[in-house]
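Residue numbers (the UniProt record's numbering): 1 to 367.
A virtual CB, placed ideally from N, CA and C, is assigned to each residue, including glycine.
Below is one structure, written out as structure tokens; the observations come after it.
In structure tokens, the structure reads:
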């Protein structure tokens, strides 16, 4: 009997893994449809507190939604035109920047030749080409731009989600077979994701403003473009701020030399250290309960599955998976692996189990 039980468990595990692979392959294939829907869902999460605040001032909900959606459409069109025109102008100036780059490296190459180290200028352009850095950034932006091509569909989806936002918590409890709304982690999850998206958006806006003003003072070209890129890439954990800084630092080096490049790098480094290590932890508290390794791996996974939008939303998407695992006993072990503090997780789980046992004992005594 024991051998039969182990065999059935192995078959069940194999079937579950096969189902997961099939589902992921389906999502990957249907990503042109899935990605706009996912983006709409998280934009609705960001917009919902703003709608609630507007309704406190006696505005009808439908009017608040129309005003906010109109503002989002105008901002999206403005940012799209700004980024597109700036990239086109940058591409036209690329030969000039390449020539300036060779001039900046000329004295370094002369010094190296004195030590019989010969490096061709073509090699310098291959490894320190600002156009290559910009193309890497624009490739990631193009993924978001392709999604924004479905702007009408995204806005329409956000509107319907906001209209039904009041029933979202109840629907989540019913979907997870909890009509009595006893699963407190669902409410904690909705609150945590809402808090994360709002704080991350405000921090990204502040980062973009500081970077834009700093680059304007330094005199780096297209400061507004780099500020927009800093805003978008700040949503990408761990490496987003580094990717956003590379083209601006290279351009500062090309225009003004190593000193300006160092100041630009210091501007990005100081801004992200203050925002990421001081401001965010202060307002976000313990965050969303994901370990640093899980955050990094989720960035790679969601980027592969959903492209640039998946990288931007990797943290909240992982939280969706985590809460789904926590709601089932069979997936609890994987949810613990995703958590950042195992001791707190185990203590919370034991307390919830004791409470459920006490409730069941009381109900049995009443019967």
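Within 10 angstroms of the Cβ of residue i, are there 16 or more other Cβ atoms? Answer buried if so, exposed if not.
i, result
"residue 230", "buried"
"residue 89", "exposed"
"residue 112", "exposed"
"residue 19", "exposed"
"residue 245", "buried"
"residue 13", "exposed"
"residue 319", "buried"
"residue 350", "Below a pLDDT of 50, predicted positions are generally treated as unreliable, and residue 350, at 49, falls in that range; the measurement from the model is reported next regardless. Residue 350 is exposed by the Cβ-count criterion."
"residue 266", "exposed"
"residue 17", "exposed"
"residue 330", "exposed"
"residue 337", "exposed"
"residue 74", "exposed"
"residue 15", "exposed"
"residue 207", "buried"
"residue 367", "Note that residue 367 has pLDDT 48, beneath the 50 cutoff, so the model's placement of it is unreliable and no number is given."
"residue 48", "buried"
"residue 333", "exposed"
"residue 255", "buried"
"residue 282", "exposed"
"residue 326", "buried"
"residue 258", "exposed"
"residue 278", "exposed"
"residue 106", "exposed"
"residue 8", "exposed"
"residue 240", "buried"
"residue 211", "buried"
"residue 97", "buried"
"residue 355", "Summary for residue 355: the model assigns pLDDT 49, below 50, so the residue's position carries little reliability, and this model does not support an answer."
"residue 236", "buried"
"residue 60", "exposed"
"residue 81", "exposed"
Please classify residue i: does DSSP put it in a helix, a strand, or coil?
i, result
"residue 290", "strand"
"residue 30", "coil"
"residue 117", "coil"
"residue 164", "coil"
"residue 57", "coil"
"residue 277", "helix"
"residue 93", "coil"
"residue 257", "coil"
"residue 81", "helix"
"residue 330", "coil"
"residue 48", "helix"
"residue 150", "coil"
"residue 158", "helix"
"residue 18", "helix"
"residue 67", "helix"
Name the one or two DSSP bridge partners that residue i has.
i, result
"residue 339", "290"
Assuming residue i and residue j are in contact, meaning their beta carbons sit under 8 Å apart, how far apart are those beta carbons, in whole angstroms?
i, j, result
"residue 243", "residue 233", "6 Å"
"residue 38", "residue 215", "Contact doesn't hold; Cβ gap of about 32 Å is too wide."
"residue 161", "residue 42", "That belief does not hold up - the Cβ atoms of residue 161 and residue 42 are roughly 10 Å apart, past 8 Å."
"residue 65", "residue 51", "6 Å"
"residue 261", "residue 274", "Going by Cβ atoms, the distance from residue 261 to residue 274 rounds to 21 Å, so no, they are not a contact pair."
"residue 44", "residue 158", "5 Å"
"residue 264", "residue 220", "6 Å"
"residue 311", "residue 324", "The Cβ separation is near 21 Å, so there is no contact."
"residue 315", "residue 293", "Contact doesn't hold; Cβ gap of about 13 Å is too wide."
"residue 152", "residue 238", "Contact doesn't hold; Cβ gap of about 34 Å is too wide."
"residue 174", "residue 83", "Contact flag wrong, Cβ pair sits at about 42 Å."
"residue 40", "residue 154", "5 Å"
"residue 35", "residue 309", "5 Å"
Between residue i and chain D, is the shortest Cβ-Cβ distance under 7 Å, so that the two count as touching?
i, result
"residue 340", "Any reference to chain D falls outside this structure, which holds one protein chain only."
At 3 residues or longer, what runs of the beta strand (DSSP E) sit wholly inside the segment 191-248? none
Length-filtered (3 minimum) beta strand (DSSP E) runs lying within the segment 290-328: none
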